[in-house]
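Working notes, beginning with the structure itself.
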Amino acid sequence: SATGQAILGYILASGPEPMRDADAAQRWYERSAAAGCAEGSLGLALSLARRGSLEQRSRIADEVRRAADADLPTATYLLAVLTEHGFGVTSDLAAAARLYQQAAEKGLASAQFRLGLALIDGSLVDADPVAGEAWMRRAALAGNVEAAHFLGDRNAKSRPPDFAEAATWYRRAAEAGHQAAARALASLYLTGNGVVRDEKEGTRWLRTAAASGNQAAQVDLANLVLRGAGEPADTASVARWFEAAALSGDLTAAFNLGLCFTKGLGVCQDDGQAARWLRRAAEGVAEAQYMYARMLRDGRGVVADAHHARAWFAEAAEGGVLDAQVALAEMLLNGGGGKCLPETAVKLFERAAADGHAG
């Protein structure tokens, strides 16, 4: 039967890896669609799209429309997506909104999410946040994890925030495997917002998100370990997590990686590597400027260089690091790395004392 042909096409396209055969799947979808089967038309459209047949955009849209005309909610949703973005059809935002609503009313959670988003932000229709949130809730309760995460964010960022409600939605999404929701839920537990403060539970959710590859959660967990929290098993991953973030341009992560090498936390203690990462972080982190300046002054991990140490102490002092003000004052007083400037040194000592430096 045409339905059986569509099912066979699906198995060949999406079944166990050893059974997959994209060419054979498309042939069965073609036969099913030609026999008037809506599932065959939808499968054929998806097969063409998966194979990168973008020159057949109009055909893809036609097959999706045939399936939508047969009342398949998924096809109606996909036709809405094509209509919104003008893929194979003329872009028409109002028509896209109507199609999303049709699919949403048939219970398709992904359509409910998109319709809710459109009503909240007014992207396809006039904004109606109350109706939008109602659709978003329906989507979340139907299992759409993005909708649950969205509702968590919406409640956490509302004025005033409703952290208890946010925690409910974040938990729903996190338990379904949403990494960002797991990290957000962890934050609520660690701060005690909306839930009873529980560092162990917060760390557990951070670990869940980190293990799934969420880089922000990895850095958060690494920061906890750096402060002496977390569990011994987390320590081995700390430097690796900081390095991944540092290589993507996160200067705070580069600073923390430098600290790991300084302390031997999760890596072998290595002053040379510490200096390397602190130098990178010094481009934007005042504490890194101070620590790198100390390494230059003391010749630890790098060749001693009093002149550049003095310059970096000055940068860190300008950034508000009190210890850097004192270290710079000492170099100015003794002529380390440049001229003796006792009057300037005294002013720096006085400023540091006024700002609360106890030394």
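Numbering (the numbering used here), first residue to last: -1 to 357.
Even for Gly, the Cβ is constructed at its ideal location relative to N, Cα and C.
| query | result |
| --- | --- |
| Nearest-angstrom beta carbon gap, Tyr27 and Gly7 [assumed within contact, 8 Å] | 4 Å |
| Cβ contact (3+ pairs, closer than 8 Å) linking the segment 100 to 109 and the segment 64 to 71 | yes |
| Euclidean distance between Cα positions of Ala95 and Ala116 | 8 Å |
| Proximity below 9 Å, CB of Glu282 to CB of Arg308 | In the sequence on display, residue 282 carries Gly and not Glu. No, the Cβ-Cβ distance between Gly282 and Arg308 is not below 9 Å. |
| Cβ-Cβ distance between Gly163 and Leu186 below 9 Å | Reading the sequence as shown, one finds Glu at residue 163 and not Gly. Cβ atoms of Glu163 and Leu186: not closer than 9 Å. |
| 8 Å Cβ shell around Arg298 - same chain, five flanking residues per side excluded | Asp269, Ala273, Arg292 |
| Spatially closest choice to Arg152 from Glu15, Ala132, Leu10, by CA coordinates | Ala132 |
| Same chain, Cβ closer than 7 Å to Arg277, five either side skipped, listed in chain order | Tyr290 |
| Option in Ala231, Thr189, Arg135 with minimal Cα separation from Trp167 | Arg135 |
| CA-to-CA distance, Ser12 to Ser45, given in whole angstroms | 10 Å |
| Contact under 9 Å by Cβ, Ala214 with Ala178 | yes |
| Helix, strand or coil at His305 [DSSP, three-state] | helix |
| Gly226 to Arg112 span [Cα, whole Å] | 43 Å |
| Proximity below 9 Å, CB of Asn221 to CB of Asn254 | yes |
| For Pro158 and Pro127, the rounded distance between their alpha carbons | 17 Å |
| Alpha helix (DSSP H) segment containing Lys261, residue limits | 249 to 261 |
| Buried/exposed call for Leu245, threshold 16 Cβ in 10 Å | exposed |
| Residue from Val236, Pro340, Ala280 with nearest C-alpha to Ala315 | Ala280 |
| For Lys345, three-class secondary structure by DSSP | helix |
| DSSP three-state assignment for Leu122, whether helix, strand or coil | coil |
| C-beta contact flag for Gln24 and Arg57 at 9 Å | no |
| Cys35 classed as buried or exposed, judged by whether at least 16 other C-beta atoms fall within 10 angstroms | buried |
| Whole-number beta carbon distance between Leu188 and Leu224, since they are thought to touch under 8 Å | Going by Cβ atoms, the distance from Leu224 to Leu188 rounds to 14 Å, so no, they are not a contact pair. |
| For Trp310 and Glu285, the rounded distance between their alpha carbons | 10 Å |
| Alpha helix (DSSP H) segments (min. 4 residues) lying fully within the segment 155 to 204 | 161 to 173, 177 to 189 |
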